[in-house]
Structures are given as structure tokens and as C-alpha cells.
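Below is one structure, written out as C-alpha cells, with a few remarks after it.
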Amino acid sequence: MNKEEKNIDLVIIGSGPAGLTAAIYAARMKLDFIVLEDELIGGQIRSTYSVENYPGFKTIGGQELADRFYDQAVNAGANIDEFDNILKVSLKDDEKIIETDNFIYKPKTVIIATGSKYRPLPIPEEEKYHGNGIHHCELCDGELYENKDIIVVGGGNSAIEGAIFLSRYAKSITIVHQFDHLQAEKSLQQDALNNPKINILWDTEIRHAYGENELEEVSVENLKTKQIDNIKVDGIFVYIGMVPKTDLFKDYIDINPFGYIKAGESTETNVEGVFVAGDVREKVFRQLTTATADGTVAALMAEKYIVEKRRRNNG
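Using UniProt numbering, you'd call the opening residue of the sequence shown number 1 and step up by one each time.
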């Protein structure tokens with residue numbers, strides 16, 4: 001079956017804060033565009049329990065903030081398709097092609113705002129228990145572990161926030177951390193250390209997970225003593241960093257050794273008319289506010305590129 005081709009101004013890939021901000025600006029500039037998303041609209045912010053560092057809100061739930069981004073983009077006129085998976089892309093100076101399950105898009109410009117995904121737990125059994133014992137989202141799956149024993153892996157803000165949130169459900173929480181100190185903000189550390197349900201295993205990593213149909217036990221290794229111990233557990237929540245989602249673009253876009261797309265504050269990539277916004281961009285700080293700033297800049301740059309190219313072609 002031949003797919004319908006669509007020649008449009010802009011394709012935004014990703015609907016996190018960066019992508020949705022770009023969509024708001026693109027809609028206000030009356031661009032002909034679409035937002036493509038193959039996962040949750042709102043990105044990682046949707047799984048954040050509480051946001052307290054976004055201007056205008058003393059505190060707001062991540063889901064509510066994601067919904068507000070989405071509603072504002074749609075009300076502005078954005079077309080968001082969350083069911084048409086991208087199969088492949090071709091991104092060149094003179095032509096951009098994005099093929100999905102249903103269409104072939106030929107946009108003048110592209111904004112890559114794919115964000116990142118959770119880094120998997122590096123054990124052989126991760127795939128077996130993924131979603132059935134091993135999780136990454138306390139908001140999504142915490143209720144499954146009412147009065148259960150949980151392990152939280154990691155020591156940064158996400159891990160400690162997750163452990164504190166999960167303590168409302170769990171009977172006990174063991175934080176397994178590979179270092180002898182936490183990286184989370186001091187206030188979060190103090191909240192965790194004062195929580196009677198939370199215990200910390202320092203200098204420790206999980207090596208294996210066991211159980212027939214569901215997770216029952218893990219083996220952990222102390223990195224200093226090399227001692228191996230087994231721990232009974234019902235669920236594991238993993239917070240050990242993120243991996244940028246750039247596989248689709250690696251044949252065309254310059255990517256650094258860590259997988260992030262190379263682009264400065266202008267959000268311009270090495271390919272003319274292709275811009276990048278949000279956590280997937282190479283930069284020093286990755287925050288909600290920097291993601292929305294990127295989305296703003298990328299949309300403005302895309303519109304500027306379209307106008308300038310039209311002038312050149314007509315001139």
C-alpha cells in the first residue's frame with residue numbers, strides 16, 4: 001500500500017516539555033506542522049510526583065503540569081499524533097523525510113525533542129522482570145506494592161524522591177547505592193534518613209534477580225568487601241540515569257560519545273533546517289526550564305529558517 005505523502009513546514013518529534021513548547025510557538029506562528037509521539041505525552045515530567053522549580057507554581061504535580069502543557073498546545077492549534085510510530089528518517093540539508101506507519105512526511109524543518117529513557121538495571125534478568133518486578137516509575141506502579149518490600153536503586157534526586165513516595169505504600173524500602181554517599185539534595189537526604197521505613201545499603205550493587213513467575217529475591221554484592229548476600233524483595237524501582245533517544249538520527253546528525261545531539265544555544269544541528277530541543281541536546285544543565293527554553297528557541301529558529309529559505313528561492 002502506497003503511503004500518502006505530506007509536505008508540511010515542520011515535524012516535531014517528541015511531546016515532552018520541549019516538544020510541546022515548540023508546538024505552542026509553532027501554532028502561534030501559523031506553521032503547518034505535526035507533533036509525533038510514540039510514548040506518553042508530557043515526557044518524563046509526567047512521572048514526577050511534585051514539581052517545585054517551575055516559575056509560576058509554588059508546587060504542582062508532574063501529571064497536572066504535563067496536562068497543562070498539552071492542553072495549551074492543542075488549544076493553540078497543535079496537531080499531536082501519539083499513535084503513528086516513526087519507522088525511519090532521512091535528514092539532509094536539501095530534503096527531510098520522516099516515514100511513519102501511515103504517512104511519509106516531507107517537512108521543510110524538523111525539531112528533535114525525543115528526550116531520554118530510563119537506563120535499565122544492568123543484570124541478566126532485567127528483561128524477564130521488566131514491568132513485572134522491575135520498574136522505573138513510582139507514580140505508575142507504586143500502588144502495586146502496598147505493604148510489600150521494595151528495593152530502590154540509585155542515590156540521586158529521582159531515587160530518593162522515589163523512595164520517599166513509595167514509603168506511603170511499602171512495608172520496607174532498601175536503597176541500594178554503589179557509593180558511600182548520596183548525590184540527592186540535602187533536604188531530600190534528610191527526609192529519607194529520617195524515614196523509619198527506609199534503610200540504605202552503601203557500596204552495593206544488585207547482581208542477579210530470582211523468582212519463578214514473579215520477582216522474589218535478589219543477590220547483592222558489597223563492592224568493598226566483595227561479599228554476596230541474598231535479599232527477599234517484591235519489587236525494584238530503578239533510578240540510575242537516563243539514555244538519550246537518538247538511535248533514529250545517528251546516521252545523519254552529529255552525536256557526542258554519550259549519545260546527545262551536538263547543538264549550541266541556537267539549537268541548530270549539523271543539518272540545515274534540523275533543530276534539537278530538551279534533554280536530548282548536548283548541554284551542561286538539563287532542567288524543565290531549560291527544556292522549555294530550547295523548545296522556544298527551536299520553534300523560532302525553524303520559522304526563521306523557513307522564511308529565509310523562501311526569500312532565497314523567490315529572490
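Just so you know, even glycine gets a beta-carbon here, dropped at the ideal spot from N, CA and C. Model, not experiment: these values are computed from the prediction.
- Residues of the same chain with a CB within less than 6 Å of the CB of Thr48, apart from the 5 flanking positions on each side, are Gly62 in chain order.
- Sequence-distant partners of Gly142 (beyond 5 residues in either direction) whose C-beta falls short of 6 Å from its own C-beta, in its chain, are Leu166, Tyr169.
- For Glu268, the secondary structure class from DSSP, reduced to helix, strand or coil, is strand.
- Within its own chain, the residues whose Cβ lies closer than 6 Å to the Cβ of Ile175, once the five positions on either side in sequence are excluded, are Val152, Ala163, Ile200, listed in chain order.
- In the three-state reduction of the DSSP assignment, Gly131 falls in the coil class, being assigned neither a helical nor a strand state.
- Rounded to whole angstroms, the gap between the alpha carbons of Val307 and Ile34 is 18 Å.
- Taken in chain order, the whole alpha helix (DSSP H) runs of length 4 or more contained in the segment 53-80 are 62-76.
- Rounded to the nearest angstrom, the Cβ distance from Lys88 to Glu99 is 5 Å, consistent with a contact under 8 Å.
- Taken through DSSP and simplified to helix, strand or coil, Gly43 comes out as helix.
- Collapsing the DSSP output to three states places Glu95 in coil.
- According to the DSSP secondary-structure assignment, Asn256 is paired through a beta bridge with no residue.
- Each residue's CA atom was taken as its position, placing Glu212 and Pro122 some 20 Å apart.
- Scanning its chain for C-beta atoms nearer than 8 Å, with the 5 sequence neighbours on each side dropped, one finds around Lys148 the residues Tyr169, Ala170, Lys171, Asp234, Gly235, in chain order.
- A distance of 8 Å or more separates the beta carbons of Lys226 and Asp203.
- Note on geometry: alpha-carbon atoms of Thr21 and Thr296 lie some 6 Å from one another.
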